[in-house]
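Asker: Residue numbers (my numbering): 199 to 541.
Even glycine gets a Cβ: it sits at the ideal position worked out from N, Cα and C.
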Amino acid sequence: MKEVLQLVRKNIRELTPYSTARDEYKGSIGVFLDANENPYNNDYNRYPDPTQQQLKEQVAAIKHVPTEQLFIGNGSDEAIDLCYRIFAEPREDNAVMIAPSYGMYKVAAAINDIEVRQVQLNPDFSLPVEKLLAAVDEHTKLLFLCSPNNPTGNAFPREQLLDIVCRFQGIVVVDEAYIDFSEQSSLLDVLPDNPNLIILQTLSKAWGMAGLRLGLAFAAPEIMQLFASVKYPYNINVAAMRLASELLRRNVAMEVIELKRERVRVAYRLKSMPTILEVYPSDANFVLVRVENARALYNELINHEVIVRDRSTVIGCNDCLRITIGTPKENERMLEIIENFKS
Ligand SMILES: *Cc1c(COP(=O)(O)O)cnc(C)c1O
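(1) Would you mind listing the alpha helix (DSSP H) stretches within the segment 408-477 that are 4+ residues and don't spill past its ends, in chain order?
(2) Between the C-alpha atoms of ILE270 and VAL504, what's the straight-line distance to the nearest angstrom?
(3) Whether or not the segment 283-295 and the segment 311-324 are in contact is what I'm after, with contact meaning three or more pairs of Cβ atoms, one per stretch, closer than 8 Å; do they touch?
(4) Hey, could you find the ends of the beta strand (DSSP E) ASN292 is sitting in?
(5) So, with DSSP's three-state summary, where would you put GLN358?
(6) Could you pull the start and end residues of the beta strand (DSSP E) that PHE269 belongs to?
(7) Would you list the one or two residues that DSSP bridges to VAL317?
(8) Can you find the residues in the same chain that come closer than 8 Å, C-beta to C-beta, to ASN320, ignoring five residues on each side of it along the sequence?
(9) Please list, in chain order, all residues of the same chain as ASP517 whose beta carbon is under 8 Å from its beta carbon, the five residues on each side excluded.
(10) With a Cβ-Cβ cutoff of 8 Å, do VAL372 and LEU359 count as a contact?
(11) Would you call THR350 buried or exposed, if buried means 16 or more other Cβ atoms sit within 10 Å of its Cβ?
(12) Nearest CA to the CA of ARG467: which residue from PHE323, MET532 and ILE369?
(13) GLY273 and SER568 - do their beta-carbons sit closer together than 8 Å?
(14) Taking the alpha-carbon of LYS339 as reference, which of VAL436, LEU205 and PHE484 has the nearest alpha-carbon?
(15) Assuming ASN483 contacts THR522 under a Cβ cut-off of 8 Å, what Cβ separation, rounded to an integer in Å, is found between them?
(16) Measure from the alpha carbon of GLN256 to the alpha carbon of each residue in ASN433, CYS364, LEU414 and VAL477, then state which is nearest.
(17) Cβ of LYS469 versus every heavy atom of ligand 1: is any distance shorter than 7 Å?
(18) Let me know the secondary structure DSSP gives GLN250 once reduced to three states.
(19) Using a Cβ-based criterion (distance less than 7 Å to any ligand heavy atom), does CYS364 qualify as near ligand 1?
(20) Need the endpoints of the beta strand (DSSP E) that LYS540 sits in, please.
(21) Following the continuous beta strand (DSSP E) through LYS339, name the residue where it begins and the one where it ends.
(22) Can you tell me whether DSSP reads VAL229 as helix, strand or coil?
(23) Which value, in whole angstroms, describes the spacing of the CA atoms of ASP232 and GLU222?
(24) Express the C-alpha separation of ALA438 and ASN239 in angstroms, rounding to a whole number.
(25) Cα-Cα, which of PHE539, ILE513, LEU446 and ARG520 is closest to PRO472?
(26) With a CB to CB cut of under 6 Å and the five nearest residues on each side skipped, what residues in its chain are close to ASP275?
(27) Does GLU328 pass the burial test, meaning 16 or more other C-beta atoms within 10 Å, or should it be called exposed?
(28) For the alpha helix (DSSP H) that contains ILE309, what are its first and last residues?
(29) Identify whether THR400 lies in helix, strand or coil by the three-state DSSP scheme.
(30) Sorted by chain position, which residues of the same chain lie with C-beta nearer than 7 Å to ALA306's C-beta, five sequence neighbours on each side aside?
(31) Mind checking whether the beta-carbon of GLY409 lies closer than 7 Å to any heavy atom of ligand 1?
(32) If I follow the unbroken beta strand (DSSP E) through ASP373, where does it start and stop?
(33) Keeping to the same chain, check which residues put their C-beta closer than 6 Å to that of LEU457; ignore five residues upstream and five downstream.
(34) Tell me whether the beta-carbon of PRO215 lies closer than 8 Å to the beta-carbon of ILE434.
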């Protein structure tokens, strides 16, 4: 394994980060005449803590990691973009990723002018480990994996993910956005042994805070320091931090259990329907189904004001729809429309 710092872009290695007023003085009481804020209190007149210390402590306790191994971003999208901005030299380096998978890895690569090398999953959506490693060359800085994978729904065996982390000489990003719905365990426990591993999670899915835009990244402290220097200083606003802090105190376990139970029920019902050719196994809060004519069924659902995601143009997903698990009532409405649909 190369030293992580050797993988970092030269301009980032040499960066002098912006120093905020609150970086220079960290106390919380006093007369603050350092940041050109309006002094009249309205609960939002002060800049947020750029290190998000309080929220980090709360998340770190829930995830059983030290705060030094945690980054909080404006959605996972910020963390994905930072991976490119920190590690990949535009027009020189490349990133390897699976297909089909989450679209943002590719979009963020394009924005950063980084070549993408997509390796198609096996027909049963399992991980082509050797093909992925064969796609790597000396300019491959990042390898993106998503487990459970969006849009296929399956989680990859932990041994395979770890095999790639051990054998690839660059940064492996494992996106665990759906890990709370999975029977597979998170890779968080192996972080201390793998300095080239970045794990992404989010408060958007199981935690129910998609509207607050809070993505999480976990990695060795050296990588998290790079994230801290390259991010916008005040990437998380005061309102989002306060609301998240409140919402993190509630127990979402019951909601997750209910969604997993509904996932089983929805899959079982769908399997009995003639229009449904295949229901793929899911470790996430959605199911991917293959149907006879995805566009026709999609339109039928839309006509009944039920919106699902048409994934039929995605590599390996011909005639596939991705259906998010909703409340039992919402799911029932979706199931009835599909049941009554004659293609
Ligand atoms: C939904 C999702 C995310 C979460 O994105 P946010 O920007 O944190 O809302 C991340 N990765 C994958 C694969 C997803 O499906």
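Answerer: Here's the rundown:
(1) 419-428, 436-445 and 451-469
(2) 33 Å
(3) They touch, by the three-pair rule.
(4) Segment 292-297, the beta strand (DSSP E) holding ASN292.
(5) helix
(6) Here the beta strand (DSSP E) through PHE269 covers 268-271.
(7) ILE296
(8) Result list for ASN320: PRO326, in chain order.
(9) LEU475, ARG488, VAL489, GLU490, ASN491, ALA492 and SER510
(10) yes
(11) buried
(12) Ranking PHE323, MET532 and ILE369 by Cα distance to ARG467 puts MET532 first.
(13) Missing from the structure shown is residue 568; the chain here goes from 199 to 541 and no further.
(14) LEU205
(15) 6 Å
(16) LEU414
(17) no
(18) In the structure shown, GLN250 sits in coil (DSSP, three-state: anything other than H, G, I, E or B).
(19) no
(20) Counting along the chain, LYS540 falls outside any beta strand (DSSP E), and DSSP gives it neither H nor E.
(21) For LYS339, the uninterrupted beta strand (DSSP E) run begins and ends at 338-344, by DSSP.
(22) Coil, per DSSP.
(23) 9 Å
(24) 18 Å
(25) Taking only the C-alpha atoms, the option nearest PRO472 is PHE539.
(26) MET302
(27) That one is exposed.
(28) 302-309
(29) Strand.
(30) Excluding residues within five positions, the ones whose Cβ falls inside 7 Å are ILE278, ASP279 and TYR282.
(31) no
(32) 369-373
(33) Result list for LEU457: ASN483 and ILE523, in chain order.
(34) Cβ distance not < 8 Å, so PRO215 and ILE434 don't count as in contact.
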